[in-house]
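Step one of this worksheet: look at the structure below.
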Amino acid sequence: MDHSSPDRELKTRIETYNQFKDLFASAPIRLMSRVVSAMQAQGFDDQATAIGDMDWRTVPAGDSEDPGLREEWGRLLDWAFDHAAAWMRQLSSHPLGYNLDSVGYPALIQAWSRVWHTQVGLDFANRRGAIPEIFLFHGGNQAVQAALLGVAEAHRERHTTARPATILVPLPTFSCPLDQIALQGMQVVFLPPSGADMDPRAEDLRLIPDGVDIDGLYMMPVNNPTGRTLPPGQMRDFVAAVLDRWPDAGIILDSVYVRLHPRHDQLLRWYLDDPRFADHVMFIDSLSKTHGVTGLRSGAVMTKASSLANGVVRYAQNVMAGPSNMMQAVSLALLSPYLAGDEELEEHAIDLQLRIGRHLQSRRRLHLERIFDRYRDLVDTEQPLLPDPLGFDWEGSMYAVVRLSDRCFEAAREYGVSPTVAFYFETGIGGVPLAGFCGNPNLDRHGLVLNGDDPTLDSFRREAERFVRLSFGMVAPPQKHGE
């Protein structure tokens, strides 16, 4: 196939998009992922997919920034899955002699406890005769589900079933938790940001009218989809302001990206500043991001909040909610440095995680450089979600949200598509409209959004249409200039 003609490539992008647009019309993330993947399969050099898995194969051989990363990361994963295979062989010969849902649960709890003590600086542990503080689940999404059920159960204990629990969600936020809120029949209050950077601030809470009772808060210290890191002081002030106004609220902090961050030991230390935080905060964690094992499905909830634990305990007691045998075996291998009690091994494990984070950031930075070099007319001069729109310093690892220009909107009108799709047609860079992370059709369909008619929310959603959320997973970073 002759790919030398830009017109031919554009025509193929349009044809491929039209093949998928009806099938995935209600799932823009899946739609763009299928379109870009199909283009790549045809041999076109599309630069990014809409769904990113942190996979070690995205590290190019002989990477100039970290020559040993591909080998070390791959060796870790090979060893971990070989460990799992050994467990499978042992269990398969005695199918009735083992509890297949508990290969090494206590040891894995101990390892996760040590991870958070060593890397995050917070202590959680499961002690005999006490309510657990660490729960393991089949993936980060299941951990979020368990945390939401903890909020819902605490709400029922306070108010019976007179009304469903109400969750406060600062926008923009990732789509999966919004679907889970809808599936559980919870009500939601969306909180549009007041600042151009879209980071939530304590003063934003004034937008919520008196009389609205908030039972829980869901947010991410390192935001998905924007990739922005909320400064620790700002995070503390926001959580404190929520508890000032709604003293019974459960706080769910989805922290799956924190341990990749260069300041991993600082981002959550504010938790120790106020005794209320221990009584109300639940942290979500996962190995999927830090080790590039999304398909493993490893997730955890850490909390000292006994008022929220009942729902989590009851959910965890369901054997189908527990971590799979495979997840336990692989995770034990991945976290084995924390079981050995050897500080040098722990330091090496943390260093590898941070190198993975730097690789992801490098990939993100190089793609952004290419966008701003080659397609400058399609992006706005103002980029409020990029903390450093010139050097693209560390922020958000594999995510970036770019503001599109009026020229991109003109192209969208010419093609008869959304600005995000027009951006893809022109560049080959797949993305998802940021507006897709500012609501949920199932919440709307069931009338679960309490402030759906708020003009401030509507204005923010219209502004979000000017942004495309990019994800740079499953594709090697472009080479730097001169390489």
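Residue numbers for the sequence shown, in the working numbering: 12 to 494.
Every residue gets a Cβ at the ideal spot worked out from N, C-alpha and C, and that includes glycine.
- Inclusion of R270 and Q153 in the CB contact set at 9 Å is not warranted, their separation being larger than that value.
- The C-alpha of L298 lies about 44 Å from the C-alpha of E425.
- Shown here, V292 sits in a strand according to DSSP, grouped into three states.
- Nearest to L179 by C-alpha distance, out of R381, P203, R169 and Y435, is P203.
- Between L445 and R480, the C-beta gap is smaller than 9 Å, which places the two residues in contact.
- By the C-beta criterion, the region 321-330 is judged to be in contact with the region 145-161, since at least 3 inter-stretch pairs fall below 8 Å.
- Taken through DSSP and simplified to helix, strand or coil, D74 comes out as coil.
- Within the same chain, D259 come within 7 Å of R169 by CB-CB distance, once the 5 residues on both sides are set aside.
- At the C-beta level, L42 and E437 stay beyond 9 Å of one another.
- Ranked by Cα distance from F146, the options T431, I382 and M293 are led by M293.
- If you keep only unbroken beta strand (DSSP E) runs of at least 3 residues inside the region 149-237, you get 177-181, 198-202 and 227-230.
- Residue Y268 holds the alpha-carbon nearest to the alpha-carbon of D296 among D285, Y268, Q277 and P188.
- Exposed is the label assigned to Q328, since fewer than 16 other Cβ atoms lie within 10 Å of its Cβ.
- M337 sits in a helix when the DSSP states are folded into three classes.
- Rounded to whole angstroms, the Cβ separation of D224 and W257 is 7 Å, and the two are in contact under 8 Å.
- L228 is a Cβ neighbour of V253, given a cutoff of 9 Å.
- DSSP places V390 in no alpha helix (DSSP H); its state is neither H nor E.
- Apart from sequence neighbours up to five positions away, the residues of its chain that approach G310 with a beta-carbon distance below 6 Å are F148, G150, G151, Q153, A154 and S297, ordered along the chain.
- If you look at R418, you'll find it in the alpha helix (DSSP H) that goes D417 to Y426.
- Each of T184, G261 and N235 was checked against the Cα of D226, and the nearest Cα belongs to G261.
- In terms of Cβ geometry, F31 and G439 do not form a close pair [threshold 9 Å].
- When secondary structure is reduced to three states using DSSP, V479 falls in the strand class.
- Ranked by Cα distance from T301, the options A289, L346 and W281 are led by L346.
- About 41 Å separates the Cβ atoms of T129 and E474, ruling out a contact at the 8 Å cut-off.
- Contact between Y116 and V432 does not hold, since the beta-carbon distance rounds to 46 Å and is not under 8 Å.
- Counting C-beta pairs closer than 8 Å gives three or more between the region 447-458 and the region 188-206, which meets the contact rule.
- In terms of Cβ geometry, F434 and L389 form a close pair [threshold 9 Å].
- A distance below 8 Å between beta-carbons, with the five flanking residues on each side excluded, links M50 to the following residues of its chain, in chain order: T23, R24, T27, D57 and G439.
- Each of D465, P183, G244 and M99 was checked against the Cα of W281, and the nearest Cα belongs to G244.
- In the structure shown, M313 falls within a strand segment according to DSSP collapsed to helix, strand and coil.
- Of L365, I361 and V413, the smallest CA-CA separation from R381 is found for V413.
- In the three-state reduction of the DSSP assignment, S37 falls in the coil class.
- A straight-line Cα-Cα distance of about 15 Å links S470 and F448.
- Under the DSSP assignment, P444 falls in the beta strand (DSSP E) whose first and last residues are G442 to P444.
- The DSSP-derived three-state label of L279 is coil.
- Rounded to the nearest whole angstrom, the CA to CA distance from L133 to H272 is 16 Å.
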